[in-house]
Amino acid sequence: MPRIGRVVLPNYPLHVVQRGHNRQVVFADARDFENYLSDLRELKEALGLRVYAYCLMTNHVHLLLSPGDTPASLGQLMKALAARMTRYRNKLEGRSGTLWESRYKSSVVQSDTYLLACSRYIELNPVRAHIVSRAENYPWSSYRLRVVEPAENNWLDIDPCFEALGTTELVRRDRYKEFLSQVAPSGELDLIRDALQRGQLTVASRFVEEIEKVTGLRITGRGQGRPTKNSNTN
4 MPRIGRVVLP NYPLHVVQRG HNRQVVFADA RDFENYLSDL RELKEALGLR
54 VYAYCLMTNH VHLLLSPGDT PASLGQLMKA LAARMTRYRN KLEGRSGTLW
104 ESRYKSSVVQ SDTYLLACSR YIELNPVRAH IVSRAENYPW SSYRLRVVEP
154 AENNWLDIDP CFEALGTTEL VRRDRYKEFL SQVAPSGELD LIRDALQRGQ
204 LTVASRFVEE IEKVTGLRIT GRGQGRPTKN SNTN
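This is the structure:
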């Protein structure tokens with residue numbers, strides 16, 4: 004079956020999900036989570052990406068990233084993260100073989116409309132999965148860095164939408180806590196999930212039209228198939 008063309012644009016955030024092969028366990032204990040986050044922090048600096056949110060679950064990861072000026076950096080990051088974690092787990096378990104699905108999923112996010120919504124979606128994943136009752140109780144998401152830990156411990160990049168929540172760090176944290184406590188509008192979860200599954204845009208229709216002009220791709224309601232050769236994809 005032909006693959007869906009991946010849309011990656013300079014300085015546009017993407018919601019990325021990578022799953023374990025056949026949904027197998029990727030993170031078995033705290034060391035596994037810590038190792039992945041250490042690699043993520045190191046590689047995002049080396050490759051010039053920005054990390055706005057993340058959540059590591061037992062058998063998959065959610066990342067909210069921006070590739071900066073070089074779209075190819077997204078693929079480089081995901082390849083390096085997957086390879087490092089695979090080597091780590093294989094060495095630990097004395098085994099060989101694949102750890103991840105062959106291809107991660109990604110969706111470009113319209114920053115002025117859905118960036119905070121995607122952050123909320125990602126950081127509430129453990130709550131929806133009934134692992135914890137509150138986002139701050141889960142240690143492997145960006146929520147604790149964003150609103151619980153001291154500001155000097157926060158290595159996340161601050162996205163413009165979070166920054167616009169207030170003029171001080173304290174105000175931004177309090178307003179973001181309130182935002183996460185609100186019930187998501189009807190259809191928001193389905194919109195984010197569907198966009199990710201189809202490799203489409205988590206956006207409003209006007210933004211879709213703008214992206215189609217930039218990339219030469221048909222985005223809205225497109226079926227599976229490879230993009231045109233002149234498109235800017237990764």
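With the sequence shown counted from 1, adding 3 to any position gets you the working numbering.
Using N, Cα and C, we set each Cβ at its ideal position, and we do this for glycine too.
All of these numbers come straight from a predicted model, not from anything done at the bench.
Between which two residues does the beta strand (DSSP E) containing residue i stretch?
i	result
Ala56	Arg53 to Leu59
Leu40	Taken as a continuous stretch (DSSP letters only), Leu40 belongs to no beta strand (DSSP E), being part of the alpha helix (DSSP H) at Ala33 to Leu50.
Leu102	Leu102 -> no beta strand (DSSP E), and no H or E assigned at all.
Arg22	Leu17 to Arg22
Leu67	His63 to Ser69
Just verifying my parser: in three-state terms, what is the DSSP assignment at residue i?
i	result
His133	coil
Glu213	Bear in mind that a pLDDT of 47 at Glu213, under 50, signals an unreliable position, so the number given afterwards is only what the model happens to contain. Note: Glu213 maps to helix in three-state DSSP.
Gln79	helix
Arg87	helix
Ser109	strand
Val11	coil
Ser145	coil
Leu127	coil
Ala120	helix
Glu152	coil
Ala138	helix
Ser189	coil
Ile195	helix
Pro5	Legend: pLDDT at Pro5 = 49, less than 50; position of this residue unreliable, no value from coordinates given.
Asp115	helix
Gln27	coil
Leu168	coil
Leu95	helix
Verify whether the separation of the beta carbon atoms of residue i and residue j is less than 7 Å.
i	j	result
Asp160	Val54	yes
Ala138	Leu148	no
Glu104	Arg22	yes
Pro16	Leu119	no
Rounded to a whole number of angstroms, what is the C-alpha to C-alpha distance between residue i and residue j?
i	j	result
Gly51	Leu192	30 Å
His18	Ala33	24 Å
Lys108	Gly202	6 Å
Leu168	Ala83	33 Å
Leu12	Glu155	30 Å
Asn38	Gln185	33 Å
Phe30	Asn62	7 Å
Phe182	Arg44	26 Å
Ser189	Arg123	14 Å
Val150	Asn157	9 Å
Lys47	Leu80	7 Å
Val112	Ala75	17 Å
Leu77	Asp115	21 Å
Leu67	Tyr57	6 Å
Val211	Asp197	Confidence at Val211 is low in this model, with a pLDDT of 47, below 50, so the placement of that residue should be treated as unreliable; the coordinate-derived value is given next. Their Cα atoms are separated by approximately 15 Å.
Asn140	Arg131	13 Å
Thr171	Cys164	14 Å
Asn93	Leu194	36 Å
Phe36	Val64	10 Å
How would you write the range of the alpha helix (DSSP H) that residue i sits in, first residue to last?
i	result
Val174	Glu172 to Ser184
Pro74	Careful: Pro74 lies outside any alpha helix (DSSP H) and carries neither H nor E.
Report the CB separation of residue i from residue j in whole angstroms; it is logged as a contact under 8 Å.
i	j	result
Trp143	Leu59	4 Å
Leu69	Asn14	Here the sequence assigns Ser to residue 69, which means Leu is not the residue at that position. Going by Cβ atoms, the distance from Ser69 to Asn14 rounds to 6 Å, so yes, they are a contact pair.
Output yes if chain C places a C-beta closer than 7 Å to the C-beta of residue i; else output no.
i	result
Tyr39	Here chain C cannot be found, since the structure has a single protein chain.
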